[in-house]
Structures are given as structure tokens and as C-alpha cells.
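Encoded as C-alpha cells, the structure appears first; notes follow it.
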Amino acid sequence: MTGRRTVIRGGLVLDAEGRASLRDVLIEDGRILAIDSPGFEVSDDANVLSAADRLMIPGLISAHTHSHGALNRGAVDDKVSLEMFLTGAGASTRSRGLDDKYLSAALSAAEMIRKGCTACFDLSVEFPQASREGISAVARAYRDAGMRAVVAPMIADRTIYQALPGLLDALPVELRSQCAGLAAAPIEQTLSACQDILANWEFDRRWIRPALGPTIPLHCSDEFLTGCADLAREHDVPLQTHLAESRAQAAIGLARYGKSLVGHLEQLGFLSERLSAAHAIWLDDDDIARLGQSGVRVAHNPSSNLRLGSGVAPVRNMLENGIVVGVGTDASNTSDGQNMFEATRLASYLSRIDGFATDAWLSAGDAFHLATEGSAKVLGFEKIGRLAPGYEADIVFLRLDSPHFVPLRAPLIQMVFGENGASVRTVMIGGRIVFHDGKLLTLDERLLRRQAQQAASRLDQANAETYASAATVARLVGTFCAAQGCTGHALPRKLTLASEG
Ligand SMILES: [Zn+2]
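If you read the sequence shown in the working numbering, its first letter stands for residue 22, the second for the next number, and so on.
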């Protein structure tokens with residue numbers, strides 16, 4: 022499509038204010054050149070596409086996911102909290118070769134595209150440590166899928182046993198020495214791998230960009246966090262971390278640092294506009310104000326927060342403090358599906374559990390804005406997330422004959438609250454059609470499926486022993502973390518009569 026013009030005629034186009042109107046859209050070199058009244062004149066050589074009976078929306082943008090999770094679908098037990106999940110996480114990515122890393126990212130990209138997501142921020146972990154080859158394999162999968170992505174190695178220099186003081190002592194003696202003996206890759210080794218990744222980025226940054234993902238503050242020493250921040254500044258790339266995702270993290274952070282996790286990061290000089298915080302649930306007002314003042318962005322992941330019982334992020338409070346918030350799905354093994362329509366709807370619905378002050382609720386339009394323009398800012402892409410001249414032609418075409426659009430009165434509300442991705446008819450990214458009429462045009466999904474099943478059997482067998490011991494430890498870790506007390510926002514809530522105070 023490069024160098025050629027395409028005009029899309031007859032579609033109902035959703036604008037940045039959430040209004041849908043019949044408009045024609047002219048695209049050149051993958052970008053939107055003009056949006057105007059139906060039938061506006063274009064040169065004869067323009068390719069013409071019909072969008073009759075379609076609602077055209079900007080592609081949804083996932084502000085937080087992990088491509089390594091796709092190959093692990095179905096491997097996470099039902100009732101598993103965050104720390105229980107993390108205890109088994111090491112086992113889940115062991116024994117993977119470069120082909121597996123590519124495959125997992127391709128599976129992840131295929132799911133996102135099918136569900137109307139055209140760009141994502143991916144924190145990708147490798148066992149035993151990050152590598153340029155591994156991150157390149159992930160980036161290649163996004164390139165082949167035709168998606169935009171920010172790809173960050175997810176890194177740490179502490180194991181969960183070193184991250185959570187007191188945890189080892191809470192384990193039975195026979196497990197203690199085994200867990201104490203585990204170690205993350207040495208700091209210098211990991212930071213030099215990151216330097217290698219950032220200095221030798223071979224992908225077109227209009228599409229795929231690098232970043233760094235020091236995974237969880239408690240899992241990173243001060244020296245490690247500072248090293249990541251220095252590298253990010255040197256190479257002008259974003260940083261993303263999982264911040265105060267669980268009550269245990271917040272409580273242990275307070276005990277470990279004598280201040281909140283946000284206070285600790287601030288003291289290290291780690292808070293900046295370069296940083297985005299995934300989850301950001303267990304924060305107090307002071308934390309939120311500091312994040313707002315320092316320009317930190319937030320990736321809100323309602324599906325994963327519910328699946329792992331992590332809690333409810335105080336999004337309205339964040340917005341009132343000027344924080345840019347995007348919406349993410351988290352990985353397909355922590356929310357069982359990378360459905361940005363679902364995450365967007367939940368972002369709105371969850372904002373309503375605080376009470377009847379309806380002005381404080383996130384409207385359908387608010388949630389959609391977060392899942393498009395908010396997420397775009399988390400990724401650091403300037404010109405995605407909106408259908409307007411000058412923006413990339415990342416467009417999702419929804420069928421308007423789907424039940425929730427009939428009769429059609431309020432396209433935005435009917436889409437945000439009713440759509441589950443099943444109406445996605447066509448997906449265009451940078452002016453290129455990557456999905457149409459049920460078929461992904463960039464990747465061979467039948468082949469991916471066959472490879473995924475084979476890889477799952479091979480990896481499950483190779484990791485069986487590690488999985489089994491991780492499962493035993495995970496239950497103990499869950500019990501330990503459940504006992505960590507901390508007040509703040511989020512679930513659980515106690516139902517009492519008003520008269521009981
Ligand atoms: Zn995550």
C-alpha cells in the first residue's frame with residue numbers, strides 16, 4: 022500500500038469525541054490523510070474499499086501484556102493469587118528455544134488482532150535470562166503479524182524468595198534450602214544483555230520499539246533499578262514495571278523500605294514520564310499524587326486483577342491527579358484471553374463498585390479513551406489511538422448487523438458495553454489489512470496451532486518436575502502472602518448495615 026492512496030467509503034466512523042458519523046477516509050502511506058463527507062473526491066488511481074454497514078473504530082491498544090503467556094494457556098490453575106502464580110512462573114518459561122519464543126508471541130499477536138487490538142506493550146520474560154536473540158524472536162513475531170508493539174525484556178535480580186523477606190522462614194525446612202538456593206541472573210549479565218538489545222535494535226520503530234521491564238520493584242535491588250533507569254535514559258526508551266499489584270507487595274514494601282513502594286521508587290529517582298506502572302492497585306492518596314506529579318503513566322488491567330484476586334485500581338482518583346491511564350489485558354495466562362473489548366468494558370464497570378456517585382464512574386467513552394489514546398501514551402506512540410488526519414491507519418471494522426448493534430442508537434455505548442470481539446470483520450494496521458472475514462492474513466494460524474500443541478506437550482514434559490515442586494511451594498507462598506496486612510484501596514470489602522457504621 023506504500024505510496025498508494027486508498028479511500029474507504031460508506032463506513033460509520035467513530036471520532037475522538039466518541040461520535041459516530043458516516044464519513045469517507047482517505048489513506049496514504051499507511052496514514053490517514055483525510056476524513057470527510059461521504060463521496061468526497063479523490064484521485065482516480067486511489068484504491069476503493071467499502072465499509073458499508075461497518076462501524077470503524079481506532080484499533081484498541083493493550084498497555085500491558087506478556088507474549089510468553091500465550092504458550093502457557095491453560096497451565097494456570099483456577100484459584101491462584103498473584104504470588105502463587107509468580108512462584109510457578111519460572112517453571113512456565115523454562116526449556117524454551119528461540120522458536121518457542123517466536124511461537125508464543127505469534128499466538129499472542131494472532132489473538133490480539135482477532136479481537137481488535139492493533140498495538141501492545143509486551144513485557145517478555147526469558148529463562149534463565151534476557152537475550153537479544155530472544156527479544157528479537159518476539160519482535161519478529163509482531164513484525165510478521167503486522168502489529169505494532171513495544172517489546173521489553175522482563176527482568177529482575179531477585180527471586181521471589183529474596184523479594185519477600187520472611188517467606189523462606191515460613192516454608193518447611195525441607196523446602197527452604199531448595200528455594201534459598203535459587204538465584205536470578207547476575208545484575209551485570211542482565212544489564213549487558215539489555216544494553217545489547219537496545220544498542221542493536223533492528224526493527225522499524227514506526228512499528229516495533231524496544232523498552233525495559235524491571236518486573237516488580239521488590240524483585241529488583243536498588244542498584245538494578247538504577248541501572249535500568251540509566252540504560253532507558255541513555256537509549257531514550259520507556260520503562261514498565263508491575264507496581265503495587267497485590268496487597269502483599271504493598272505491605273512487604275512498607276516493611277522492607279519503611280515507606281511505600283512509590284516512595285521508595287521516588288527516592289531512587291525512578292519515577293518519570295518514561296515509566297509506566299502496570300496494575301497500580303494498592304496505592305494511597307499520597308502515592309497517587311506523587312505518580313501524577315512525576316508524570317508516571319498507568320496500565321490498568323481489570324481482567325487480570327479480577328482473575329488473580331489482586332484488587333481494584335483507583336482509576337478515577339488517578340485521572341483526577343492528572344495521571345495518563347491506559348488499559349491492558351495482561352497475558353493470556355493471567356486473564357485467559359487478551360480481549361481488549363472485555364478489558365475496556367470491565368474498566369468502566371469496575372469503576373462503579375465504589376457507590377452511587379455516578380459522576381465518578383468511568384463512562385463508556387472514558388473507558389474507550391483510556392483503551393486507545395491513554396494506552397497509546399503508555400506505549401509512547403504519538404499517532405495511534407484515534408481516527409483523525411495525520412494518525413496511523415490502524416482501524417478495526419465492526420459488523421453493524423451484530424445483535425448488540427440492533428437497533429443502533431448509541432454506537433459508542435453499544436460497542437463498549439456490548440462488543441466482545443465477535444463483530445470484528447476487518448483489521449487494518451498502518452493501512453494494511455491483516456485480518457478479514459475470519460481469517461488472519463499475515464500468519465498461518467493452522468500451522469501455529471499445530472506447533473503450539475507440539476510445543477506444549479514437549480515443554481510440559483520437560484518442565485514436569487519443576488511444575489510439580491512449584492505447585493507445592495505456591496500453596497505455601499499463597500498462605501504467607503494472604504497473611505500480609507495492609508490497608509489501602511481495593512477488595513475485599515465487608516458488607517455492613519449503615520447503622521453499624
Ligand atoms: Zn503483567
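Backbone N, C-alpha and C define an ideal beta-carbon position, used for all residues, glycine too.
Quick check: is any heavy atom of ligand 1 less than 6 Å from the C-beta of residue i?
i    : result
D351 : yes
A299 : yes
Please list, in chain order, all residues of the same chain as residue i whose beta carbon is under 7 Å from its beta carbon, the five residues on each side excluded.
i    : result
R161 : Y123
F224 : A160 and R164
F106 : V97, L329 and T355
M22  : Unreliable placement is indicated for M22, whose pLDDT of 44 sits below 50; no coordinate value is reported for it.
R25  : N68
E244 : I208
K515 : Reliability of the predicted coordinates at K515 is poor, the pLDDT of 46 falling under 50, and the value obtained from them is presented with this limitation in mind. The answer is none, since no qualifying residue turns up.
S116 : L480, A483 and N484
Identify, in the order they occur along the chain, each residue of the same chain with its Cβ nearer than 8 Å to the Cβ of residue i, setting aside the five sequence neighbours on each side.
i    : result
E154 : L119
S102 : S267, L329, G330, S331, G499, C502 and A503
P513 : Summary for P513: the model assigns pLDDT 44, below 50, so the residue's position carries little reliability, and this model does not support an answer.
S369 : W382, L383, S384, A385, D387, A388, V437 and F438
P410 : I53, L54, A55 and I56
S64  : R26
Q505 : R268, A269, A272 and I273
V455 : I134, A166, G167, M168, V448, M449, L461, L462 and T463
Sorted by chain position, which residues of the same chain lie with C-beta nearer than 6 Å to residue i's C-beta, five sequence neighbours on each side aside?
i    : result
D36  : none
A214 : A151 and S152
A126 : S88, V159 and A162
A397 : I82, I405 and G406
S353 : G90, A91, R94 and Q359
R420 : S444 and R446
L203 : T180
A320 : A84, H85, S297, A299, G347, G349 and V399
A5   : Beyond the ends of the chain as shown, which are 22 and 522, falls residue 5; an answer cannot be given.
G522 : Caution applies to G522, whose pLDDT of 41 falls short of 50 and renders its modelled position unreliable; the model cannot decide the point.
T114 : H89, V146 and F148
L188 : Y182 and F501
V283 : D308 and R311
From the options, pick the residue whose C-alpha is nearest to that of residue i; which is it?
i    : options                   : result
M77  : L33, A91 and G109         : L33
Q3   : H240, S145, E394 and D387 : The structure shown does not extend to residue 3, since the chain spans only 22 to 522, so no value can be given for it.
F402 : I82, L47 and E38          : I82
I29  : E38, R52 and G39          : R52
G376 : R337, V346, D351 and P410 : R337
S242 : A177, L128 and A96        : A177
V333 : R318, I302, E486 and S356 : I302
V317 : S324, A485, P323 and G347 : G347
L304 : F61, H263 and F426        : H263
L43  : A477, P432 and S64        : P432
A84  : R254, D217, S58 and P259  : P259
A67  : I48, H425, D357 and F426  : I48
P186 : L219, L128 and A269       : A269
I344 : G313, T365 and A364       : G313
P231 : K460, I156, L480 and P335 : I156
L340 : L327, L391, T365 and L371 : L391
C141 : D121, F148, P149 and G167 : G167
C138 : T487, G290, D415 and S58  : D415
A265 : L286, F61 and L188        : L286
E394 : S281, P335, P79 and S71   : P79
A473 : D74, G31 and A131         : A131
E363 : K100, A477 and L327       : L327
V172 : I218, I134 and S372       : I218
A253 : K280, R295, D121 and W228 : R295
As an exercise, report each continuous beta strand (DSSP E) stretch of at least 3 residues that is fully enclosed by the stretch 187 to 245, in chain order.
With a minimum length of 3 residues, the continuous beta strand (DSSP E) runs that stay inside the stretch 187 to 245 are 229 to 231.
Every unbroken beta strand (DSSP E) within the stretch 422 to 485, with a cutoff of 3 residues, ordered by chain:
Secondary structure remark: continuous beta strand (DSSP E) runs of at least 3 residues inside the stretch 422 to 485, in chain order: 445 to 450 and 453 to 457.
Any chance you could list the alpha helix (DSSP H) runs of at least 4 consecutive residues sitting entirely within the stretch 65 to 143, in chain order?
Whole alpha helix (DSSP H) segments, 4+ residues: 103 to 114 and 119 to 135.
Whole runs of the alpha helix (DSSP H) within the stretch 351 to 423, excluding any shorter than 4 residues:
If we require 4 residues or more, the alpha helix (DSSP H) runs fully inside the stretch 351 to 423 come out as 361 to 371, 385 to 390 and 396 to 400.
What are the start and end residues of each continuous alpha helix (DSSP H) run of 4 or more residues lying completely inside the stretch 263 to 298, in chain order?
Contiguous alpha helix (DSSP H) elements confined to the stretch 263 to 298 occur at 268 to 278 and 282 to 288, taking only those with 4 or more residues.
Restricting to runs no shorter than 3 residues, where is the beta strand (DSSP E) found entirely within the stretch 309 to 337?
For secondary structure counted as the beta strand (DSSP E) over 3 or more consecutive residues, the stretch 309 to 337 holds these complete runs in sequence order: 318 to 321.
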